[in-house]
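K.L.:
Residue numbers (UniProt numbering): 1 to 532.
#1: Can you tell me the Cα-Cα spacing of residue 529 and residue 142, whole angstroms?
#2: Please list, in chain order, all residues of the same chain as residue 186 whose beta carbon is under 6 Å from its beta carbon, the five residues on each side excluded.
#3: Run through DSSP, which three-state label would residue 483 get?
#4: Tell me whether the beta-carbon of residue 139 lies closer than 8 Å to the beta-carbon of residue 297.
#5: Apply the 10 Å Cβ neighbour rule to residue 124 and answer buried if 16 or more other Cβ atoms are within range, or exposed otherwise.
#6: Do you know how far the Cα of residue 311 is from the Cα of residue 241?
#7: Please state whether DSSP places residue 127 in a helix, a strand or coil.
#8: Within this structure, are the beta carbons of residue 180 and residue 134 separated by less than 8 Å?
#9: Considering just the uninterrupted stretch of the alpha helix (DSSP H) at residue 38, what are its terminal residues?
#10: Which residues in the same chain as residue 301 place their Cβ atom closer than 6 Å to its Cβ, once the five residues preceding and following it in sequence are excluded?
#11: What span of residues does the alpha helix (DSSP H) with residue 229 cover, start to end?
#12: Skipping 5 residues on each side, what residues in its chain have a beta carbon closer than 7 Å to that of residue 69?
#13: Based on Cα-Cα distance, which residue from 243, 175, 18, 106 lies nearest to residue 194?
#14: According to DSSP, which residues form a beta bridge with residue 313?
#15: How many Å lie between residue 299 and residue 130 at the Cα?
#16: Compare the C-alpha of residue 28 against each of 53, 34, 36, 92 and name the closest.
#17: I'd like to confirm something about residue 8: is its beta-carbon nearer than 7 Å to some heavy atom of the ligand FAD, or not?
#18: Measure from the alpha carbon of residue 272 to the alpha carbon of each residue in 261, 66, 281, 282, then state which is nearest.
#19: Using three-state DSSP, classify residue 297 as helix, strand or coil.
#20: From the DSSP output, which residues share a beta bridge with residue 237?
#21: Can you check which of these residues, 60, 10, 126, is closest to residue 16 by C-alpha distance?
#22: Quick check on residue 306: buried or exposed, where buried means 16 or more other Cβ atoms within 10 Å of its Cβ?
#23: Which of the three DSSP states is assigned to residue 54 in this structure?
#24: Residues bridged to residue 285 by DSSP?
#25: Considering only the beta carbon of each residue, do residue 313 and residue 213 sit closer than 8 Å?
#26: Taking Cβ positions only, does residue 301 come closer than 8 Å to chain D?
#27: Please classify residue 101: does DSSP put it in a helix, a strand, or coil?
#28: How far does the beta strand (DSSP E) with residue 120 in it reach, from first residue to last?
#29: So for residue 18, helix, strand or coil by DSSP?
#30: Reducing DSSP to helix, strand and coil, say where residue 152 ends up.
#31: When the Cα atoms are used, what is the spatial distance from residue 24 to residue 279?
#32: State the start and end residues of the unbroken beta strand (DSSP E) segment that holds residue 70.
#33: What residue range does the alpha helix (DSSP H) around residue 191 cover?
#34: Using three-state DSSP, classify residue 291 as helix, strand or coil.
#35: In whole angstroms, what is the alpha-carbon distance linking residue 21 and residue 255?
#36: Are the Cβ atoms of residue 223 and residue 215 separated by less than 8 Å?
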């Protein structure tokens, strides 16, 4: 007996308005949608949302379904395993960024065998947009209280995956935040797996995006540009089965230009190698980390962190208005943040994914202890993800690493600013002397040169610091050197004419201002790890 088309389809209404469209991070989105089936027939799999095998479903008349329109979604041609269960994602048709999640689209047990209708609204868009902001925040600030509480809640949720109370656990964490009350674990998982599956967000949702790639200069205080990474999307548009998102990704620069490939949240030079020559992880970071400007704290930008032929590298879209100061900030960042730190951040985020997947699986189907062990074994085999009982420990270690790295960077930024002031003072000395010998000026310059050596030694000690006490000693050393610099600058002014004295006073004021800015940035960051 044949089945009527109505029994193998459901009605979908797109009620998205301009307000909802503008709230999505997917820039340029016109509000149209497509629908993907993400149902997994593997009952043992913990893979969720974008980590599954994606297939695009068809509408009877539309492709995509425009904002304000309704159409019939055909479900009879893409059933998995002959079943009638569908797990659906409504997405932007160009970037596949999630718009709405439909956890289960099932035929009713009794009555007409018709799938429930689906309505896509502005509130659905808001949930996924908030989940995206939440991911950015804990990625940029893994040492914040928000990230720590998330790790604890996620571990507790996974540890108690077999308990009857897990049905209420999902709402507890996000409901307790100030800015993310509408986020769910499903929406977080959707965004997290999206960012590891497609490169759209790492191109800042643009057709073309370029990162300038920098490495540290061992001999100086400014980083040097090694090359650039460019993502350029073809006019043909993206396919849900193509993980490249239709982007051509290339590295240009030293030692040679080459194509790159997007794989599991990274840009790599060889997707089949265990150790590619270029491996750059995609992350988010506060802009203030590089500019040293407290006003930039809270502006989160995409960055690339990793190695280029063994050199620790940072990729960032550099605004030319930042000037040379950005080179100092990047140098400090590269000296302070080891590549292992970003591997730890990636492990933490993926471990959270795994733990949430374990919890979500237990909600769909009650799990015995044997089920949990089997699920863990499968997940570890597929991705080498840490077990959920290690999540809190991993996060605490990560928070300590980030905290130490930030302290080192504060010492470095302060030191670099002092070195710049010394360079200005040295230039002033040469202008004053006019090439003639002057014992007073020579003595002053020798004193400043010794100050510079003291700063360099302090920076080396900061980089090697392994405890808060070591960093305190480095900071104290910088404080002593600051006083010495001020005294030496005063001596230089005493042996110069009024013009030189004025110039050196300006250098002193600049040094004091930069030190004050560093203190303000330190104060801002110390109180910035809240719930949004």
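No residue lacks a Cβ here, since even glycine has one placed at the ideal position from N, Cα and C.
P.N.:
For this structure:
#1: Counting from one through the chain shown, the residue named residue 529 turns up at place 529. Counting from one through the chain shown, the residue named residue 142 turns up at place 142. Caution applies to residue 529, whose pLDDT of 45 falls short of 50 and renders its modelled position unreliable; the model cannot decide the point.
#2: Taking the first residue of the chain shown as position 1, residue 186 is located at position 186. Excluding positions up to five away in sequence, the list reads 101.
#3: For the purposes of this step, residue 483 is taken as residue 483 along the chain shown, with counting starting at 1. With a pLDDT of only 49 at residue 483, under the threshold of 50, the placement of this residue in the model should not be trusted, and no figure is reported.
#4: Along the chain shown, read from residue 1 onward, the residue named residue 139 stands at position 139. Along the chain shown, read from residue 1 onward, the residue named residue 297 stands at position 297. Pairing residue 139 with residue 297 gives a Cβ-Cβ distance that is not under 8 Å.
#5: Numbered from 1 along the chain shown, position 124 holds the residue referred to as residue 124. Buried: at least 16 other Cβ atoms inside 10 Å.
#6: Counted from its first residue, the chain shown places residue 241 at position 241. Counted from its first residue, the chain shown places residue 311 at position 311. Distance between the alpha carbons of residue 241 and residue 311: 33 Å.
#7: As a first step, residue 127 is located in the chain shown; it is residue number 127 there, counting from the start. Correct three-state label for residue 127: helix.
#8: To locate residue 180, count along the chain shown from 1; it is residue 180. To locate residue 134, count along the chain shown from 1; it is residue 134. It is a contact, given that the beta carbons lie within the stated cut-off.
#9: Residue mapping note: residue 38 aligns to position 38 of the chain shown, counting from 1. Counted as a single uninterrupted DSSP element, the stretch harbouring residue 38 is not any alpha helix (DSSP H), since DSSP gives it neither H nor E.
#10: Within the chain shown, the letter at position 301 stands for residue 301. Result list for residue 301: 287, in chain order.
#11: Indexing the chain shown from 1 puts residue 229 at position 229. Note, residue 229: premise wrong, no alpha helix (DSSP H); beta strand (DSSP E) at 224 to 233.
#12: Taking the chain shown and counting its residues from 1, one reaches residue 69 at position 69. These residues qualify, in order along the chain: 14, 62.
#13: As a position in the chain shown, residue 194 is number 194, starting the count at 1. Among 243, 175, 18, 106, the Cα nearest to that of residue 194 is on 243.
#14: One-based indexing of the chain shown puts residue 313 at position 313. The partner list for residue 313 (beta bridge, DSSP) reads 215, 306.
#15: Counting from one through the chain shown, the residue named residue 299 turns up at place 299. Counting from one through the chain shown, the residue named residue 130 turns up at place 130. Looking at the two C-alpha atoms, the distance is approximately 16 Å.
#16: One-based indexing of the chain shown puts residue 28 at position 28. Nearest C-alpha to residue 28: 92.
#17: Because no ligand of any kind appears in the structure shown, any question about the ligand FAD cannot be addressed here.
#18: Here residue 272 corresponds to residue number 272 of the chain shown, with the count starting at 1. Comparing Cα-Cα distances from residue 272 to each of 261, 66, 281, 282, the minimum goes to 261.
#19: As a position in the chain shown, residue 297 is number 297, starting the count at 1. In this structure, residue 297 counts as coil in the three-state DSSP scheme.
#20: As a first step, residue 237 must be located in the chain shown, where it is residue number 237. DSSP output for residue 237 lists no bridge partner at all.
#21: Your numbering for residue 16 matches position 16 in the chain shown. Out of 60, 10, 126, 126 has the C-alpha closest to the C-alpha of residue 16.
#22: Position 306 of the chain shown, counted from the first residue, corresponds to residue 306. Residue 306 is buried by the Cβ-count criterion.
#23: In the chain shown, residue 54 corresponds to position 54, counting from 1. In this structure, residue 54 counts as coil in the three-state DSSP scheme.
#24: By one-based count along the chain shown, residue 285 stands at place 285. In the DSSP output, where bridge partners are listed per residue, residue 285 has 301.
#25: Here residue 313 refers to the residue found at position 313 when the chain shown is read from its first residue. Here residue 213 refers to the residue found at position 213 when the chain shown is read from its first residue. Yes, the Cβ-Cβ distance between residue 313 and residue 213 is below 8 Å.
#26: Among the chains of the structure shown, chain D does not appear; only one protein chain is present.
#27: By 1-based counting over the chain shown, the position of residue 101 is 101. In the structure shown, residue 101 sits in a strand (DSSP, three-state: E or B).
#28: The residue labelled residue 120 in the question sits at position 120 within the chain shown. Here the beta strand (DSSP E) through residue 120 covers 118 to 120.
#29: Locating residue 18 in the chain shown gives position 18, where the first residue counts as 1. DSSP places residue 18 in helix when its eight states are reduced to three.
#30: Taking the chain shown and counting its residues from 1, one reaches residue 152 at position 152. Helix at residue 152.
#31: Position 24 of the chain shown holds residue 24. Position 279 of the chain shown holds residue 279. Cα to Cα, the separation comes out at about 29 Å.
#32: Residue mapping note: residue 70 aligns to position 70 of the chain shown, counting from 1. Segment 70 to 74, the beta strand (DSSP E) holding residue 70.
#33: Translated into positions along the chain shown, residue 191 becomes position 191. Looking at the DSSP string, the run of the alpha helix (DSSP H) that includes residue 191 is 185 to 197.
#34: Along the chain shown, one-based indexing puts residue 291 at 291. Helix at residue 291.
#35: Here the question's residue 21 lines up with position 21 in the chain shown. Here the question's residue 255 lines up with position 255 in the chain shown. Near 43 Å, if we compare the C-alpha coordinates of residue 255 and residue 21.
#36: Numbered from 1 along the chain shown, position 223 holds the residue referred to as residue 223. Numbered from 1 along the chain shown, position 215 holds the residue referred to as residue 215. The answer is yes: Cβ separation under 8 Å.
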